[in-house]
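If you're matching positions, the sequence shown starts at 7 in the numbering used here and goes up one per residue.
Idealized CB from N, CA, C, for every residue including glycine.
Structure, as structure tokens:
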Amino acid sequence: MYESITRGADSDNSLAVVIRYSTFSFIANADLLFHVSDSLALFGGVSVATPLSSQAEVTSGDFSIDSDVTVSGYTVLGKLGVALSL
7 MYESITRGAD SDNSLAVVIR YSTFSFIANA DLLFHVSDSL ALFGGVSVAT PLSSQAEVTS
67 GDFSIDSDVT VSGYTVLGKL GVALSL
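Set out below in structure tokens:
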């Protein structure tokens, strides 16, 4: 998974600062599908993501800095739903 977030801000002296943060992550999924009937099913699952590499870029006018960023931790996402076949 690739994510990119960009934020901008103006300071009191009207100098614009833009910060861009990008990360590339690994995601693992485990899903379960339970058929209630021929046309109805229940599903659920869990996904876990952890960052592999991250980078930050700060730009202000003609000035720019790129840097690798150390990010640790993980994200857990649960899902539950109903599927219909028409």
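Span of the beta strand (DSSP E), counted from its first residue to its last, around residue i
i	result
Y27	22 to 41
T81	81 to 90
DSSP bridge partner residues for residue i (one or two, in chain order)
i	result
S66	F69
D74	Q61
S10	S28
S45	Note: S45 sits in no beta bridge, so no partner.
Under 8 angstroms between C-beta atoms of residue i and residue j
i	j	result
E63	S70	yes
Given residue i as reference, the closest of the options once Cα atoms are compared
i	options	result
K85	Q61, L38, T76	L38
K90	T56, L46, T81	The sequence given here places Leu at residue 90; Lys does not occur at that position. Checking every option, the nearest Cα to that of L90 belongs to L46.
S10	P57, V82, S66	P57
Residue i Cβ short of 7 angstroms to the ligand HEM heavy atom set
i	result
L46	With respect to the ligand HEM, the structure offers nothing, as it holds no ligand at all.
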